[in-house]
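Participant:
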Amino acid sequence: MPLDIPVLTAAFVAGLLGGLHCAVMCGGIATGFPAMAPGRALGVAWQANLGRVSGYTVAGALAGGLGGGILRLARSDTLALGVRVAAGLALVLLALRLLGRGGRLDLLARPGQQLWQWLRPLHRHLLPADRAWRRLALGALWGWMPCGLSLSLLSVAWLQANALGGALVMAVFGLATLPVMVPLTWSGARIGRGLQRPGLRMALAGFILAAGLLTIAAPWLMQVPALHGVLSALGCIPRH
Numbered sequence: 002m003p004l005d006i007p008v009l010t011a012a013f014v015a016g017l018l019g020g021l022h023c024a025v026m027c028g029g030i031a032t033g034f035p036a037m038a039p040g041r042a043l044g045v046a047w048q049a050n051l052g053r054v055s056g057y058t059v060a061g062a063l064a065g066g067l068g069g070g071i072l073r074l075a076r077s078d079t080l081a082l083g084v085r086v087a088a089g090l091a092l093v094l095l096a097l098r099l100l101g102r103g104g105r106l107d108l109l110a111r112p113g114q115q116l117w118q119w120l121r122p123l124h125r126h127l128l129p130a131d132r133a134w135r136r137l138a139l140g141a142l143w144g145w146m147p148c149g150l151s152l153s154l155l156s157v158a159w160l161q162a163n164a165l166g167g168a169l170v171m172a173v174f175g176l177a178t179l180p181v182m183v184p185l186t187w188s189g190a191r192i193g194r195g196l197q198r199p200g201l202r203m204a205l206a207g208f209i210l211a212a213g214l215l216t217i218a219a220p221w222l223m224q225v226p227a228l229h230g231v232l233s234a235l236g237c238i239p240r241h
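Residues 2 to 241 (this note's numbering) are what the sequence shown spells out, left to right.
1. What's the gap between the Cα of Leu17 and the Cα of Thr178?
2. Quick check: what's the CA-CA separation for Ala141 versus Asn50?
3. Which one of Gly144, Gln48, Tyr57 and Leu222 has the shortest CA to CA distance from Asp131?
4. Going along the chain, which residues of its own chain have a beta-carbon closer than 7 angstroms to the beta-carbon of Leu95, five neighbours each way excluded?
5. Less than 9 angstroms between the C-beta atoms of Val8 and Ala212, yes or no?
6. Please report how far the alpha carbon of Arg125 lies from the alpha carbon of Met203, in whole angstroms.
7. What is the rounded straight-line gap between the Cα of Trp119 and the Cα of Val225?
8. May I ask you to report which of helix, strand or coil DSSP gives Leu160?
9. Cα separation between Trp143 and Gly56?
10. Which value, in whole angstroms, describes the spacing of the CA atoms of Ala87 and Thr216?
11. To the nearest angstrom, report how far apart Ala62 and Gly166 are at their CA atoms.
12. Could you say which of Leu169, Asn163 and Leu72 lies nearest to Ala11 if we only look at CA atoms?
13. Ends of the alpha helix (DSSP H) at Leu80?
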């Protein structure tokens, strides 16, 4: 499956929109990191959040690689088409949920609960977080905590059906959350409130919806000669 620019852009927009969701759900964790190294709060915030993005990226690579392995074993064009349609549907569902019309995102966190129970003891072994590598590792664990929003994007990463594509989806999503998550102070709150304005939120979620619909429709749109070059440039279809 090619790397889709619309899918990656949708992941970025989801990260921007989801930044405030992350701040609400993980605010206690985020604000706890600076206490680990008083006087170096900003540096600690960057270390923790870069660790979180790294955790997302590794999870995306594993999910995408697993999806690709299934496709290679099946060797089915029909299955490949189904994977593309499923990826598009996942984006459509994510857009609806970000608009508050598709159910609660936290319901998607349930499949990750068991994994987190297995990873949770590692948290204790990384304390006290008095070294940069420990804070990075704690941040990576933070990225693996059950979260409906990140698991929604992880399903898109899995459906990219290759490790690089999955890693990129999750990395782009994670990087887009940084403007809110790193500060969690005056500027972060201002950015978060700005992104929650109804008109802007609807427009950005509408973009994710459009990206999902384009992902679904691309195999049929490529039959239109005038659109073939555009779809190829966007990465929606393989280049031969």
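The beta carbon of each residue, even a glycine, is placed where N, CA and C say it ideally should be.
Facilitator: Straight from the coordinates:
1. Within the sequence shown, residue 17 is the residue found at index 16, counting from 1. Within the sequence shown, residue 178 is the residue found at index 177, counting from 1. About 6 angstroms.
2. Taking the first residue of the sequence shown as 1, we reach residue 141 at position 140. Taking the first residue of the sequence shown as 1, we reach residue 50 at position 49. C-alpha separation (whole angstroms): 8 angstroms.
3. In the sequence shown, counting from the first residue as 1, residue 131 sits at position 130. Measuring from the Cα of Asp131, the nearest candidate turns out to be Gln48.
4. Translated into positions along the sequence shown, residue 95 becomes position 94. The answer, listed in chain order, is Ala15, Ser153 and Ile209.
5. As a position in the sequence shown, residue 8 is number 7, starting the count at 1. As a position in the sequence shown, residue 212 is number 211, starting the count at 1. Yes; because the gap between Cβ atoms is below 9 angstroms, this pair is in contact.
6. Taking the first residue of the sequence shown as position 1, residue 125 is located at position 124. Taking the first residue of the sequence shown as position 1, residue 203 is located at position 202. The straight-line gap from Cα to Cα measures roughly 41 angstroms.
7. Working through the sequence shown from its first residue, we reach residue 119 at position 118. Working through the sequence shown from its first residue, we reach residue 225 at position 224. Rounded to the nearest angstrom, the two C-alpha atoms are 50 angstroms apart.
8. As a first step, residue 160 must be located in the sequence shown, where it is residue number 159. Helix, per DSSP.
9. Numbered from its first residue, the sequence shown carries residue 143 at position 142. Numbered from its first residue, the sequence shown carries residue 56 at position 55. Approximately 8 angstroms between the Cα atoms of the pair.
10. Against the sequence shown, residue 87 aligns to sequence position 86. Against the sequence shown, residue 216 aligns to sequence position 215. Rounded to whole angstroms, Ala87 to Thr216 spans 9 angstroms at the Cα level.
11. Locating residue 62 in the sequence shown gives position 61, counting from the first residue. Locating residue 166 in the sequence shown gives position 165, counting from the first residue. Each residue's alpha carbon lies about 7 angstroms from the other.
12. The residue you call residue 11 lines up with position 10 of the sequence shown. Of Leu169, Asn163 and Leu72, the residue nearest in Cα terms is Leu169.
13. Numbered from 1 along the sequence shown, position 79 holds the residue referred to as residue 80. Here the alpha helix (DSSP H) through Leu80 covers Asp78 to Leu99.
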